[in-house]
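Participant: Residue numbers (my numbering): 24 to 176.
Quick reminder that beta carbons are idealized off the backbone N, C-alpha and C, glycines included.
Input: one structure, supplied below.
Structure below.
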């Protein structure tokens, strides 16, 4: 089996059997993002630990193409249970790979199943699809972190 074909299967699997789909409570922050080009949308919730150091939960709901929905499913698997710093390292690595037009291969040790989206980087019209949930997570993480800081004052 070719690597590209294996990556396609990972994407299809996450699209058909999404992980952490369905908005859950309690949550620390919720954001909604829409891709104005194609109409893909995602609403994503983040829950941090009481001290704000770890990502306890990420849940989402949305609609759109297989790339946007599968990429959001992969995101949840990669960041839940990680420290905020580790989660941001993963988000940064995914963003760099996807935005590179194929020039950055990505590190499977950092990205896990996120590496399956490496080929998407060669299709600029699909980059925003792949990044939709990841950018929503980044925004929700910032909001949740701010809320924890406010609670600690």
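Between the Cα of residue 134 and the Cα atoms of 99, 78, 167, 73, which residue gives the shortest distance?
Facilitator: When each option's Cα is compared against that of residue 134, the closest is 99.
Participant: By alpha-carbon positions, which one of 78, 47, 97 ends up nearest to residue 117?
Facilitator: Closest option to residue 117, Cα to Cα, is 97.
Participant: Is the CB-CB distance between residue 137 and residue 101 below 7 Å?
Facilitator: Yes.
Participant: Answer yes if the region 38-53 comes into contact with the region 106-114, meaning at least three C-beta pairs across the two stretches below 8 Å, and no otherwise.
Facilitator: No: fewer than three Cβ pairs fall under 8 Å.
Participant: In the DSSP assignment, the alpha helix (DSSP H) including residue 128 goes from what residue to what residue?
Facilitator: That residue, residue 128, is in no alpha helix (DSSP H); it is neither H nor E in DSSP.
Participant: Is residue 101 helix, strand or coil by DSSP?
Facilitator: Correct three-state label for residue 101: helix.
Participant: In chain order, which continuous runs of the alpha helix (DSSP H) of length 4 or greater are located wholly inside the region 49-118?
Facilitator: Runs found: 89-102.
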